[in-house]
Amino acid sequence: MSNQLSLTAAELETLLDASLDPALSARRNTHLAEALAAFARDQQEFVLHWTDVIARTNTEMAYLFANQAPEGLRRMALADIEAWIVQAMDVYDRMGLFPACKVFREVAGFAAEARDNACGVAFEDISGVLELFVRGLSGRLLKLESSDELYTDTDVLFLPARVARLPDREQNFRLCKAMAAHQWAQTYYGSFRAGLNDALQRYPDPERALRLFHALETIRLDARLARDLTGLHREMSELRAALNENLCPAAWEDKVARLCSAESSVQDTLALLAELYNGELPAPVSYQGTMHPDRAEAAVAARIAREKGEFRTALMQMLGEKDGEYKESAELDLLGRFSVTPNEEREGEFSFALNLDGKPITPPDNVRALMDSIIQDLDQIPDDYLTAAGDGGYRRENEEKKPEDVWKGAYHEEGAFLYPEWDFRRQHYRKQWCVLREIDVHPVDEPFVARTRHKYASLIHGLRKTFEALRGEEKLLKKQANGDNVDFDALVEAWADMHTGREMSERLFTKLHKLERNIAVMFMVDMSGSTKGWINDAERESLVMLCEALEVLGDRYAIYGFSGMTRKRCELYRIKRFDEPYNELVQQRIVGIQPKDYTRMGVTIRHLTKLLHEVEARTKILITLSDGKPDDYDGYRGDYGIEDTRQALIEAKRDGIHPFCITIDTEARDYLPHMYGAVNWALVEDVKKLPLKVSDIYRRLTT
Amino acid sequence: MTARALKTEEYRITQEPYYASQGDEIALFEAAFRNRLPVLLKGPTGCGKTRFMEHMAWRLKRPLITVSCHDDLTASDLVGRYLITAGETVWVDGPMARAVRAGAILYLDEIVEARKDTTVVIHPLADDRRVLPMEKTGELLEAPAEFCLAISYNPGYQSVLKDLKQSTRQRFVALEFNYPKPELEKEIVRHESGVDEHVAAKLVKFAGMTRNLKGSGLDEGASTRLLVHAGKLIASGIDPRTACRSAIAEALTDDAEMLAAVNELGASLF
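The listed protein sequences correspond, in order, to chains Z and Y.
In terms of the working numbering, the first sequence is residues 1 to 703.
In terms of the working numbering, the second sequence is residues 1001 to 1270.
Written out as structure tokens, the structure is:
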């Protein structure tokens, strides 16, 4: 349309007259037509079209629109103008003519808002990419959250909910990236390492000192980035140029050299701060944000304490693996056997080697990550990390439940299953130690299943398609007694056999055959108290989705929930047995899954292994949906629980069962590989994504 | 130019294939070879397993016969079969029989991809019997001292259907491979792709970043092979960011968000 000639003012006036009926409004449309004549044909037709449409609702409003349209066309794209019109019409419907006309009059305001919407970026849109970006940079797990203030406490990077300072989306995304990178640099290059808070409090005006410190530190970090991440540094410089900002005031230029050297540390910044304290305070750059040394120091202190314990526990585990036995922690002298030496070869980077008995060893990934994290906070691994620990790690303090609650009513063991439990300290089983009962989940008649199906309708559709494709996996079978095509290889072979005087095979055909998926899978669902709320919902939704998918696939499956309290009351909740169809009752039981008590995993695995053992299938899988470590009231926690669970899983593997664990515990890396094996687990960090992920993981696992 | 056609067992590697040793794997392999033990190479994709085999074949001066396993690989594809020419039946050796006859190194790449019934045919060759029974011809091939069997396997797969059976794996001397240490990896990238040390260091750093993302949405980090690919593109004048995107990021993932993150990481370095 745009290549057509624009309409002249006279032509426009005729058309406008037709819509706006000058006889009624008593206005002349000449000046409207003249203003519009300057625009392109498609813009003119757009305005004419909408004037006509609006006029059917209200002529006065249509006139006002035609009047404002040239201004609108200058400020907005056609799509935005349409949104503007729709909003005005909407206001007219709800509130009447006067407010609606106001919308048309405030064209500039609407255009600004539209531009903001079009070019700004919202935290939700970018947090996924930036979180991965930051994780890639550092290896340490840093979370991103949106907040009114731009700062970091070294655990979480806080970014604004919306950034629209620059004229287009791309540049605003760059700004967000710079914000995240600057905060990451604070944690990575140790801005908080030097007791910053105390140092700043010594100044007469700590607030001013902090701002000055931040400005200087930004210069130091910028220099570090220039050395390590050239591309990022260039982008950040371009951003400053675009925003007309300056990192380093002219007065500082000859003073900051030592901040820019390769060995600069936060101490240099503090030293320079003392020197420049009375000078001018430069304006902060826009990705700089603020600093909260107090919050950061609190987070660092908490992390240091936690990681110290974890590190010692990890070292003891490594010792245990090396020596083949696991001694009580107090007897061990970690310092005597482990040492940490800095790596000489790489300068400017934190790199330390761990030695055991004088020989360098390669620590597992989780220990490596832990060491990196400790070094980021402390610049080294202090010797006291290597002295014998009390009880580090694996602690869980929720003792609020009283054992007497358990013992209401008469206790008996009739109809229960008895199972042994592995005591790693004794290296022996405790016989008949656990008492386990199977109980049906009480069915609940609520439209949860229908709701879930509705909520994930499109996803279920996609799932079905993927799983159908799996089921329909056709395979060309060779050497069949009958089939669709001649198997040439078999024919040649048969011919050869005949000529060498052997018996000729009759299996000379190929046949397309649907691959038989001979798989039985058992789902073991965590029903402990800690799954209350979100997690429970996500678990139930996951099960609904999974059942939908498995029904398509035709794999045999069973679902059991588990919980309990103490070894005398381990409970297994039947949701679906292998021989039960997926019917309404099963659905109601899924709805009826509730958070109960604790998680004693070993006995559950032993019982489900027994059930799986009774099923005929070529491949048997036991999948655990879990939210944390094994944990029960009577001392079943820490190493004891983990070792018993590990032992139960080893027993399952001996029975030809493949165990797998899907967890939402972000600390799973520390213990799941030990229990399930290095690759037999998956972490779903975002609980909300559990329903999507579980089916996907299952698909990956069985193809 | 026409390609030369050679029989696999006659093809010798004459030029030393570049291989930078990560540890004592060369000595281990030589010891296994001398003791006639079969070898299992474990490790993620693109960390140098195949290159190591080429290097060892050159070092030991044996022909190398490589079979990439797939799920349609039958036992007779490996051992051999009768074919017919002009009304006569002719026995044709498969790669395995040829390797045994020639005293070659037989390398079965990605052994878990082969059907389970196929993996079993290597059993008699992989223990102290060192024989290949050929059912069809009624022969029993005895392997000469120079014959060596090596298989490779990536333990990172999560599929329960792709696991190596105990009865198979317990016959082998296992060598574990991993991505080389940064210093060494830098040297490898530099040597293989022709980029300068500075660019190689950045590529290695980039690989480290992607390996940080393993488990957070990436199944594997960037392999050394991908770094070499990117390095080659850069050496031929492609913009480093573009090279990282095409040779590394796009090869790692299809997930839009992850792709964006990996691209941003690549762009941060160059």
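Glycine residues also receive a C-beta, built at the ideal position from the N, C-alpha and C atoms.
For clarity, every value in this text was computed on a predicted model and none was experimentally measured.
(request) Tell me where the alpha helix (DSSP H) around Arg211 (chain Z) begins and ends. (result) Position 211 of the first sequence, counted from the start, is the residue given in the question as residue 211 (chain Z). Pro206 to Asp228 is the extent of the alpha helix (DSSP H) around Arg211 (chain Z).
(message) Less than 8 Å between CB atoms is the rule here; does Lys177 (chain Z) satisfy it with respect to chain Y?
(response) The residue you call residue 177 (chain Z) lines up with position 177 of the first sequence. Answer yes: the Cβ-Cβ gap between Lys177 (chain Z) and chain Y drops below 8 Å somewhere.
(request) Quick one: list the residues of chain Z neighbouring Ala1243 (chain Y), beta-carbon separation under 9 Å, in chain order. (result) One-based indexing of the second sequence puts residue 1243 (chain Y) at position 243. Here the premise fails: no neighbours, minimum Cβ distance about 13 Å.
(request) Please report how far the alpha carbon of Val1204 (chain Y) lies from the alpha carbon of Ala450 (chain Z), in whole angstroms. (result) Start at 1 with the first residue of the second sequence, and residue 1204 (chain Y) comes out as number 204. Start at 1 with the first residue of the first sequence, and residue 450 (chain Z) comes out as number 450. Their Cα atoms are separated by approximately 50 Å.
(message) I need the boundaries of the alpha helix (DSSP H) containing Ile590 (chain Z), first residue and last residue.
(response) Along the first sequence, read from residue 1 onward, the residue named residue 590 (chain Z) stands at position 590. Boundaries of the alpha helix (DSSP H) harbouring Ile590 (chain Z): Glu584 to Val591, taken from the DSSP string.
(message) Determine whether the beta carbon atoms of Arg699 (chain Z) and Phe338 (chain Z) lie at a separation below 8 Å.
(response) As a first step, residue 699 (chain Z) must be located in the first sequence, where it is residue number 699. As a first step, residue 338 (chain Z) must be located in the first sequence, where it is residue number 338. No.
(request) Could you have a look at Met522 (chain Z) and say whether DSSP puts it in helix, strand or coil? (result) Mapped onto the first sequence, residue 522 (chain Z) falls at position 522. Reduced to three states, the DSSP call for Met522 (chain Z) is strand.
(request) Could you tell me which chain Y residues have their CB closer than 8 Å to the CB of Thr500 (chain Z), listed as they occur along the chain? (result) Here residue 500 (chain Z) refers to the residue found at position 500 of the first sequence. Within chain Y, the residues placing a beta-carbon under 8 Å from that of Thr500 (chain Z) are Tyr1082 and Thr1089, ordered along the chain.
(message) Run through chain Y and tell me which residues come within less than 7 Å of Leu683 (chain Z), C-beta to C-beta.
(response) Taking the first residue of the first sequence as position 1, residue 683 (chain Z) is located at position 683. What Leu683 (chain Z) touches in chain Y: Gly1215.
(request) Could you list which residues in chain Z have their beta carbon closer than 7 Å to that of Ala1267 (chain Y), in chain order? (result) As a first step, residue 1267 (chain Y) must be located in the second sequence, where it is residue number 267. Going along chain Z in sequence order, the residues near Ala1267 (chain Y) (Cβ under 7 Å) are Gly231.
(request) At 4 residues or longer, and completely inside the stretch 636 to 675 of chain Z: list those alpha helix (DSSP H) runs for me, N to C. (result) Look at the stretch 636 to 675 of chain Z and you find these whole runs of alpha helix (DSSP H), each 4 residues long or longer: 638 to 654.
(message) Strictly below 7 Å CB to CB, what residues from chain Z border Gly1237 (chain Y)?
(response) Against the second sequence, residue 1237 (chain Y) aligns to sequence position 237. Contact note: Gly1237 (chain Y) does not reach chain Z at a C-beta cutoff of 7 Å; the least C-beta distance is about 18 Å.
(request) Quick one: which residues of the stretch 481 to 498 of chain Z get their C-beta closer than 7 Å to a C-beta of chain Y? List them in chain order. (result) Along the stretch 481 to 498 of chain Z, going in chain order, the ones with a CB nearer than 7 Å to a CB of chain Y are Val492, Glu493, Trp495 and Ala496.
(request) State the start and end residues of the unbroken beta strand (DSSP E) segment that holds Ser505 (chain Z). (result) Translated into positions along the first sequence, residue 505 (chain Z) becomes position 505. Unbroken run through Ser505 (chain Z): none, as it is neither H nor E.
(request) May I have the straight-line CA-CA distance separating Glu1197 (chain Y) from Gly1231 (chain Y), to the nearest angstrom? (result) Translated into positions along the second sequence, residue 1197 (chain Y) becomes position 197. Translated into positions along the second sequence, residue 1231 (chain Y) becomes position 231. So the two alpha carbons sit approximately 11 Å from each other.
(message) Just to confirm the assignment: which complete alpha helix (DSSP H) runs, minimum length 4, are found wholly within the stretch 1124 to 1196 of chain Y?
(response) Fully enclosed alpha helix (DSSP H) runs of 4 or longer: 1166 to 1169 and 1182 to 1193.
(message) Any C-beta of chain Z within less than 7 Å: which residues of the stretch 1190 to 1210 of chain Y qualify?
(response) Met1209 and Thr1210: these are the residues of the stretch 1190 to 1210 of chain Y whose beta carbon lies less than 7 Å from some beta carbon of chain Z, given in chain order.
(message) Please identify, using Cβ separations under 7 Å, the residues of the stretch 1024 to 1048 of chain Y that lie next to chain Z, in order along the chain.
(response) Hits within the stretch: zero.
(message) Please list, in chain order, the residues of the stretch 125 to 145 of chain Z that have any C-beta partner in chain Y closer than 7 Å.
(response) Sequence-ordered contacts of the stretch 125 to 145 of chain Z with chain Y read Gly128, Val129, Leu132, Phe133, Arg135, Gly136, Leu137 and Gly139 [C-beta pairs closer than 7 Å].
(message) Helix, strand or coil for Cys570 (chain Z)? Go by DSSP, reduced to three states.
(response) As a position in the first sequence, residue 570 (chain Z) is number 570, starting the count at 1. Here Cys570 (chain Z) carries a strand assignment [DSSP, helix/strand/coil].
(request) Would you please verify whether the beta carbon of Glu347 (chain Z) is less than 8 Å from any beta carbon of chain Y? (result) Residue 347 (chain Z) sits at position 347 when you count from the first residue of the first sequence. Reliability of the predicted coordinates at Glu347 (chain Z) is poor, the pLDDT of 42 falling under 50, and no value is obtained from them.
(request) May I ask you to list the residues that DSSP assigns as paired with Thr1085 (chain Y)? (result) Looking up residue 1085 (chain Y) in the second sequence gives position 85. Looking at the DSSP output, Thr1085 (chain Y) bridges to Y:Glu1088.
(message) For Leu459 (chain Z), which residues in the same chain have their Cβ closer than 7 Å to its Cβ, ignoring the five residues on either side in sequence?
(response) In the first sequence, counting from the first residue as 1, residue 459 (chain Z) sits at position 459. The answer, listed in chain order, is Leu692.
(message) Can you tell me whether Ser1068 (chain Y) is helix, strand or coil according to DSSP?
(response) Here the question's residue 1068 (chain Y) lines up with position 68 in the second sequence. Correct three-state label for Ser1068 (chain Y): strand.
(message) Does Trp534 (chain Z) pass the burial test, meaning 16 or more other C-beta atoms within 10 Å, or should it be called exposed?
(response) Within the first sequence, the letter at position 534 stands for residue 534 (chain Z). By the neighbour-count rule (16 or more Cβ atoms within 10 Å), Trp534 (chain Z) is not buried but exposed.
(message) Let me make sure I understand the geometry here. Which of Z:Gly564, Z:Gln588 and Z:Ile605 has the alpha-carbon closest to that of Val441 (chain Z)?
(response) To locate residue 441 (chain Z), count along the first sequence from 1; it is residue 441. Minimum Cα distance to Val441 (chain Z) is reached at Z:Gln588.
(message) For Ala494 (chain Z), which residues in the same chain have their Cβ closer than 7 Å to its Cβ, ignoring the five residues on either side in sequence?
(response) Locating residue 494 (chain Z) in the first sequence gives position 494, where the first residue counts as 1. Excluding sequence neighbours, Ala494 (chain Z) sits near Met504, Ser505 and Leu508.
(message) Buried or exposed, going by whether 16 or more other CB atoms sit within 10 Å of the CB of Met1056 (chain Y)?
(response) Here residue 1056 (chain Y) corresponds to residue number 56 of the second sequence, with the count starting at 1. It is buried - the Cβ of Met1056 (chain Y) has at least 16 other Cβ atoms within 10 Å.
(request) Could you tell me whether any Cβ in chain Y is nearer than 8 Å to the Cβ of Val256 (chain Z)? (result) Mapped onto the first sequence, residue 256 (chain Z) falls at position 256. Not closer than 8 Å to any Cβ of chain Y, the Cβ of Val256 (chain Z) fails to qualify, so no.
(request) Give the DSSP bridge partners of Ser146 (chain Z), in chain order. (result) Sequence index remark: in the first sequence, residue 146 (chain Z) carries index 146 (1-based). Partner(s): Z:Leu159.
(request) Rounded to whole angstroms, what's the CA-CA distance from His674 (chain Z) to Val1090 (chain Y)? Just pull it up for me. (result) Reading the first sequence from its first residue, position 674 is the one you call residue 674 (chain Z). Reading the second sequence from its first residue, position 90 is the one you call residue 1090 (chain Y). CA-CA distance, His674 (chain Z) to Val1090 (chain Y), rounds to 54 Å.
(request) Measuring alpha carbon to alpha carbon, tell me which of Z:His613, Z:Ala549 and Z:Phe562 ends up nearest Asn536 (chain Z). (result) Here residue 536 (chain Z) corresponds to residue number 536 of the first sequence, with the count starting at 1. It is Z:Phe562.
(request) Using beta-carbon positions only, say whether Glu1146 (chain Y) and Arg1062 (chain Y) come within less than 8 Å of one another. (result) Taking the second sequence and counting its residues from 1, the one referred to as residue 1146 (chain Y) is at position 146. Taking the second sequence and counting its residues from 1, the one referred to as residue 1062 (chain Y) is at position 62. In this structure, Arg1062 (chain Y) lies closer than 8 Å to Glu1146 (chain Y) by Cβ.
(message) One question on the structure: do Thr452 (chain Z) and Glu551 (chain Z) come within less than 8 Å of each other, judged by their Cβ atoms?
(response) Here residue 452 (chain Z) refers to the residue found at position 452 when the first sequence is read from its first residue. Here residue 551 (chain Z) refers to the residue found at position 551 when the first sequence is read from its first residue. Their beta carbons are not under 8 Å apart, which means Thr452 (chain Z) does not touch Glu551 (chain Z) by this criterion.
(message) Taking CB distances under 8 Å as the criterion, tell me whether Asn1154 (chain Y) reaches chain Z.
(response) Within the second sequence, residue 1154 (chain Y) is the residue found at index 154, counting from 1. At a cut-off of 8 Å between beta carbons, Asn1154 (chain Y) makes no contact with chain Z.
(request) Name, please, each residue of chain Z whose Cβ falls closer than 9 Å to the Cβ of Glu1146 (chain Y). (result) Reading the second sequence from its first residue, position 146 is the one you call residue 1146 (chain Y). The contacting residues do not exist; Glu1146 (chain Y) stays about 31 Å from chain Z at best.
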